[in-house]
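For the record, the sequence lines run as chains S and U. Numbering-wise (this note's numbering), the first sequence opens with residue 3 and increments by one. Numbering-wise (this note's numbering), the second sequence opens with residue 3 and increments by one. Reading through the structure tokens given below for one structure.
2 protein chains.
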Amino acid sequence: MDLLETRELRYFVTVAEELHFGRAAERLGMAQPPLSRAIQQLERRLGVPLLERNRRGVTLTRAGEVLLHEGRATLDAATAAARRTRRAASPGNRLVLAVKSGADHELLRKLLDAHAAEPDAAEVEVLLCGIGEQERLLRDGRADAALVHLPFDCLVARHATLVG
Amino acid sequence: MDLLETRELRYFVTVAEELHFGRAAERLGMAQPPLSRAIQQLERRLGVPLLERNRRGVTLTRAGEVLLHEGRATLDAATAAARRTRRAASPGNRLVLAVKSGADHELLRKLLDAHAAEPDAAEVEVLLCGIGEQERLLRDGRADAALVHLPFDCLVARHATLVG
DNA sequence: GGATGTTACGGTCTCCGTAACTATG
DNA sequence: CATAGTTACGGAGACCGTAACATCC
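Next comes the structure, spelled out in structure tokens:
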């Protein structure tokens, strides 16, 4: 299966967000023509129309909506890959735990203590964040784990066990 | 920040799996020199050594291990993006539910009935698979949802609600 | 006629393969 | 001296920007 390049996904996601080739090209720091060609090539390679070029701008097809979602996820994964790889090489090398600001500090304390008691426990850095922010932090690699409530819609990745 | 191209990740993952530039190049259908250069460039761009070139082959650094894992995830995401986008455009457009072979048929029946009763319910295609296979199917887009037991280590993505 | 997206064309830069080089056991 | 990885070098292809074109209000 032909793989999508991250450059192409970045282009498509920008166009899909702006719904306007001109503004998208500006955001990307490039001219419209190569952007237009890249999208056409993407549609040809997938064999699927992604945009409807109407009078007055652009609309996403159903397939385009799906690629917008999946493309964002892929770009986040690439960003996370770079970030976590760099972090793995840095001496600090702490596990980043995303905790929303209003969380139960009692529970957090217990968790961290229990984790610290385990053998070979990694050092944990607590990253306080807004309420809806945890998923994003996990997706793009700024965090490695998060404290969430079940049911959680879309657990993205978990990189280490905090408690057994 | 998002500097990693899919091509580079494919190269690195192959080398990391083979731990041998020659065999990796062969698997990739290319010559060793451009592969060697691509990896060097990747290390330069990340500012992190990924491989230790020892006498007698190659070893992964800690950062290399992380990039192997994250790179696979990114490549899977790209594959899933292409697959789901193509599927979204096909007329059938069914939701694929991965169910491991030994699963409870009674429960499955109830779930499917409950789902079918919802308004605007998508048609569901049940994909029977082996026991450890569900995560992989979700990751690379061959399935959109899966029936799993909690605790589930690494929920990757959920694309539609089957039951409320 | 102005705004928006698409071809046309030419230059540049990247990527690849062959061949020569280095290092190690 | 055989094996594995890296430079050196030249060519083919990809990508981009400018300019000209098509279409729709």
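Yeah, the Cβ is synthetic: ideal placement off N, Cα and C, and Gly gets one too. From a predicted model like this one, the values you see are computed outputs, not experimental measurements.
| Check | Outcome |
| --- | --- |
| Strand pairing of S/V60, partner residues [DSSP] | S/R55 |
| Residues of its chain near S/K102, where Cβ-Cβ distance is below 8 Å and the 5 sequence neighbours each way are ignored | L130, C131, G132, I133, E135, Q136, L149 |
| Three-state class that DSSP yields for S/E28 in the structure shown | helix |
| Sub-7 Å separation of U/E20 and U/A27 beta-carbons | no |
| Buried versus exposed, by CB contacts within 10 Å (16 or more), S/E72 | buried |
| Cβ separation of S/T1 and S/E67, assumed to be a contact under 8 Å, to the nearest whole Å | As displayed, chain S neither begins before 3 nor continues past 166, which places residue 1 of chain S out of reach and without an answer. |
| Those residues which DSSP pairs with S/E127 across a bridge | S/V98 |
| Cβ-based contacts, 8 Å cut-off: residues of the stretch 35 to 53 of chain U near chain S | L48, G49, V50, P51, L52 |
| DSSP state of U/A148 mapped onto helix, strand, coil | strand |
| S/R85 beta carbon less than 7 Å from that of S/G1 | Chain S is shown only over 3 to 166; residue 1 of chain S falls outside these bounds and no answer can be derived. |
| Short CB-CB distance (under 7 Å) between U/T81 and chain S | yes |
| 8 Å contact criterion, which S/A65 and S/L77 should meet: CB distance rounded | Not quite, the Cβ-Cβ distance comes to about 18 Å (not below 8 Å), so this is no contact. |
| Status (buried if at least 16 other CB within 10 Å, exposed otherwise) for S/H117 | buried |
| The alpha helix (DSSP H) enclosing S/P35, as first and last residue numbers | 34 to 48 |
| Supposed contact pair S/D4 and S/R47 - C-beta distance, whole angstroms, cut 8 Å | 6 Å |
| Near-chain S residues of the stretch 102 to 119 of chain U (beta-carbon distance less than 9 Å), N- to C-terminal order | none |
| Closer than 7 Å to chain U by CB, S/G73 | yes |
| Cutoff 7 Å: S/V68 Cβ touching any chain U Cβ | yes |
| Residue environment, S/A119, which counts as buried when at least 16 other CB atoms sit within 10 Å | exposed |
| Nearest to S/L44 (by Cα), restricted to the options S/N56, S/T8, S/T81, S/A124 | S/T8 |
| Buried/exposed call for S/E125, threshold 16 Cβ in 10 Å | exposed |
| Extent of the continuous alpha helix (DSSP H) run through S/H22 | S/H22 -> no alpha helix (DSSP H), and no H or E assigned at all. |
| Buried versus exposed, by CB contacts within 10 Å (16 or more), S/R89 | buried |
| Proximal chain S residues relative to U/T76, where beta-carbon distance stays under 7 Å | T76, A79, A80, A83 |
| Cα-Cα separation, U/I41 to U/Y13 | 7 Å |
| U/A119 - containing alpha helix (DSSP H), residue span | 107 to 119 |
| Where S/D4 falls: helix, strand or coil (DSSP) | coil |
| Interface partners of U/T8 on chain S, CB under 7 Å | L5, L6, E7, T8 |
| S/V50 to U/A91 span [Cα, whole Å] | 7 Å |
| Residue range of the alpha helix (DSSP H) that includes S/E137 | 136 to 141 |
| Buried or exposed (CB count within 10 angstroms, at least 16 for buried), S/A33 | exposed |
| Reduced DSSP secondary structure (H/G/I, E/B, other) of S/G73 | helix |
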